[in-house]
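>
Chains as they are written, first to last, in the UniProt record's numbering: chain U, 1 to 429; chain Z, 1 to 429.
#1: Considering residue 145 of chain U, what are the terminal residues of the alpha helix (DSSP H) in which it resides?
#2: Specify the secondary structure class of residue 153 of chain U as computed by DSSP and reduced to three states.
#3: Use the C-beta contact count for residue 8 of chain Z: other C-beta atoms within 10 angstroms, 16 or more gives buried, fewer gives exposed.
#4: What distance in whole Å lies between the Cβ atoms of residue 123 of chain U and residue 33 of chain U, which are believed to be in contact at a cut-off of 8 angstroms?
#5: Please confirm if the stretch 136-148 of chain U is in contact with the stretch 356-363 of chain U, defined as three or more CB-CB distances below 8 angstroms between the two stretches.
#6: Taking Cβ-Cβ distances below 7 angstroms as the criterion, which residues of the stretch 179-196 of chain Z are in contact with chain U?
#7: Using a Cβ cut-off of 7 angstroms, which residues of the stretch 134-157 of chain U contact any Cβ in chain Z, in chain order?
#8: What separation, rounded to the nearest whole angstrom, lies between the Cα atoms of residue 11 of chain Z and residue 101 of chain Z?
#9: In chain U, which residues lie with their C-beta within 7 angstroms of the C-beta of residue 132 of chain Z?
#10: Mind checking whether residue 164 of chain U and residue 343 of chain U have CB atoms under 8 angstroms apart?
#11: If you draw a straight line from the C-alpha of residue 267 of chain Z to the C-alpha of residue 183 of chain Z, how long is it?
#12: Where does the unbroken alpha helix (DSSP H) through residue 342 of chain U begin, and where does it stop?
#13: Return yes when the Cβ of residue 328 of chain U is within less than 8 angstroms of the Cβ of residue 273 of chain U, no when it is not.
#14: Using 8 angstroms as the limit for Cβ to Cβ distance, is residue 258 of chain Z near chain U?
#15: Strictly by DSSP, which residues pair up with residue 420 of chain U?
#16: Take residue 93 of chain U and list the residues in its own chain whose beta-carbon comes closer than 8 angstroms to its own, dropping the five residues that flank it on each side.
#17: Report the CB separation of residue 386 of chain U from residue 312 of chain U in whole angstroms; it is logged as a contact under 8 angstroms.
#18: Please report how far the alpha carbon of residue 259 of chain U lies from the alpha carbon of residue 207 of chain U, in whole angstroms.
#19: Let me check understanding here. Comparing Cα to Cα, which of Z:231, Z:336 and Z:212 lies closest to residue 220 of chain Z?
#20: Residue 240 of chain Z to residue 270 of chain Z, Cα distance in whole Å?
#21: Is the stretch 244-251 of chain U touching the stretch 285-295 of chain U, taking contact as three or more C-beta pairs under 8 angstroms?
#22: What residue range does the alpha helix (DSSP H) around residue 79 of chain U cover?
#23: Does residue 115 of chain Z come out as helix, strand or coil in the three-state DSSP assignment?
#24: Take residue 104 of chain Z as the anchor and find which of Z:308, Z:244, Z:58 and Z:202 has the nearest alpha-carbon.
#25: Could you tell me which uninterrupted beta strand (DSSP E) segments, each at least 3 residues in length, are contained entirely in the stretch 183-242 of chain U, listed from first to last along the chain?
#26: Closer than 7 angstroms between beta carbons: that is the criterion. Which residues of the stretch 322-346 of chain U meet it against chain Z?
#27: Roughly how many whole angstroms lie between the Cα atoms of residue 72 of chain Z and residue 399 of chain Z?
#28: Tell me the residue span of the alpha helix (DSSP H) that contains residue 279 of chain Z.
#29: What residues from chain Z crowd round residue 198 of chain U, counting only those whose CB sits closer than 7 angstroms?
#30: What does residue 268 of chain Z pair with, by DSSP beta-bridge criteria?
#31: If distances are taken between C-alpha atoms only, which option among Z:377, Z:303 and Z:49 comes closest to residue 26 of chain Z?
#32: Report the rounded CA-to-CA distance for residue 209 of chain Z versus residue 369 of chain Z, giving the unit in angstroms.
#33: Under a CB-based cut-off of 8 angstroms, is residue 349 of chain Z close to chain U?
#34: Mind listing, in chain order, the continuous alpha helix (DSSP H) runs of no fewer than 4 residues lying wholly within the stretch 352-386 of chain Z?
#35: Quickly, what does DSSP pair residue 42 of chain U with across the bridge? List them, please.
#36: Using the C-alpha atoms, what's the distance from residue 131 of chain Z back to residue 350 of chain Z?
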């Protein structure tokens, strides 16, 4: 099926700022609550939130096989489970409805009042109910940096890293949408030199991790695998993802079973899922891999995407300082390889599952995706606009992530993934 | 509120075998599908499955604040979210309804036909929809054995182990109820000595892990913690749990982020959740801990439970050989400590979350909870009844776990947690 929604020449009758992340070629999906307290699935065009529940009730999706309440839900899980053909039909139809050449909805003022809101009039919620959240570790630069800092610079990459898209399970319950503040976590930390007693208190090394995450559909039955050629059919789209990390808690707890409380206190995602279809024009060559991938990890075609990433820090009352610029294409392991690997043992993947990329660090120092790497574990603090410096994230700092793709014809963006760090709650025993 | 359901002198008008795991003092909760294809929440008394949905519709829970459809659901999550007071009211009422002194339901033949089934007439489903599954690593003997086998016998326990209830996140999607067969997984394994190329194929070191898991209720908001004194209020009950493990896949993948595909191909739980209330008579002293626990991990009172555990292996067409006898009381870290630790950083816990104990190995060689430990990584194969031996689990073997508590007055059991290993599906590229 042709993805007509991607037509770069299409213009909308809605007014859209020139550099908007959300032109009519994007058509992402999200969940919001309207000023009238109605929770619905929607899309975004420019700075307008479009209520897909209302659009469907008013008959604008006629001819597309959809249940009546498919958009009147508090998560996209069921819609995603309908499969790629349905996503494409709906996205193409939305593009058509808001096309400047289309006089349908454009001239129905009463309908427009029910369907179109400004972004200020709605509150974004989590777009999916995440059943399982997996985090990969797919940037070679990041794995090398962390291995150098935490283990052995001479053997920074573990022997398995170049053969396996290393991943681990994360916590679903603490995934929150952009904008919800994050509480600085308490935890145990390594004993100081010469002591046998661990420390305890609010984390002193609170960090962000610049990631993206893809959202899957129902993909396979338990015991079956997804061949790598079929993986992209099962990827609905992507979000920006800040995998908050408490480095001191993580360093003390993570051996031998991996990160736990150093990660699961909060994970922030951007609220709009940008579909893999919308990212189609931004495919780029896959990274060259050191070893020939095993057959189950090998596939033809461009499976990497050129998505520009940025992180800024904004202190309370101050202005934002951009501290990192990276790109999703720096991932050594592609999403296709990750999903093929995840299911090669028969592990089942469901609609709404989320798979994080791992921190996306590039080759240069200003492209590293965490404070740990940017400041080299605090050795080289970063100067902010207001003259203060940061080794890690301070209380009341806001971390702002952005992502977009751009070519000569169109810009497809993700909006922002924002989180403000609140001071730890005083601990009483 | 008095837990009158635990009265050891109570007898039921239902006929119950003397050594049943499910006397009228147990009253566990589960979900089943009846011969008429109705999915409902139920309990078990002797070999009878009791339809709580029907019981409620016929008015037997009058006076207890319950929504009309609370038992007509495919998971216990909402009922569990109602909280401990409601669980106790319902359990006490069920004990009363089936008490031999009570002439109500006992004499209502038409009602009994709608409410009471034999276990053969129903099929057990998963009792909860598991939002997040965490696995701990709480047996000192197991952690010591694994550390000795995989790392360094002189430093078998990691430095953090005696200070932290080490845990990690597992996969929810592949949790299955007892009886569903398990497919031998494929995966990458370590290169053989002298090679740089990993192997690939069906796991050759497929293992069980003898665990129990507790199910939580909605417990805390993100950012808040559960003080250790309050933890047991948030534990609904326990199940038996086989944390299937592919040792060769696990050994190659687990550094540095922990187990992944070596575990997430299947996790089998017993279908009846035995409430913490029912286990009340079986509290025993907590294990002596090497270091004084930190204040947030310290609590008065008996938080360990004396639950006898057993594992058997039954080859295709053969009889079962018991290969291990262990006990839940061998856990070094209690459930109270695990839940307090899990939330000390503000991680939120929801109704239906599952927390595994980790493999429960005791002090003696016949009490180890995995083949890895029982055969000491294959060095000492186990002889089965039929004359064959096992280093790990063979295709078509069935692994059977059992658990029960017993004192002079009553026996409270969990039934069985069973899984048969099917051969790997041939892999085509």
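Backbone N, C-alpha and C fix where the C-beta goes; we use that ideal spot for every residue, glycine too.
Nothing here was measured: the structure is a model prediction, and the numbers come from that model.
Working from what's here:
#1: 140-150
#2: The three-state secondary structure of residue 153 of chain U, taken from DSSP, is helix.
#3: exposed
#4: 5 angstroms
#5: Per the Cβ contact rule, the stretch 136-148 of chain U is in contact with the stretch 356-363 of chain U (3 or more Cβ pairs under 8 angstroms).
#6: Listed by position along the chain: 183, 185, 186, 187 and 188.
#7: Residues passing the 7 angstroms Cβ filter: 137.
#8: 8 angstroms
#9: 171, 172 and 173
#10: no
#11: 11 angstroms
#12: 335-343
#13: If you check the CB distance, residue 273 of chain U and residue 328 of chain U do not come in under 8 angstroms.
#14: yes
#15: U:398
#16: 60, 61 and 64
#17: The Cβ separation is near 13 angstroms, so there is no contact.
#18: 14 angstroms
#19: Z:231
#20: 5 angstroms
#21: no
#22: From DSSP, the alpha helix (DSSP H) with residue 79 of chain U extends over 77-81.
#23: helix
#24: Z:58
#25: 186-189, 199-202, 210-216 and 235-242
#26: 344, 345 and 346
#27: Pairing residue 72 of chain Z with residue 399 of chain Z, the inter-Cα distance amounts to about 32 angstroms.
#28: First-last for residue 279 of chain Z: undefined, no H or E at that position.
#29: 163
#30: Z:176 and Z:242
#31: Out of Z:377, Z:303 and Z:49, Z:49 has the C-alpha closest to the C-alpha of residue 26 of chain Z.
#32: 6 angstroms
#33: Closer than 8 angstroms to some Cβ of chain U, the Cβ of residue 349 of chain Z qualifies, so yes.
#34: 371-374
#35: U:30 and U:51
#36: 7 angstroms
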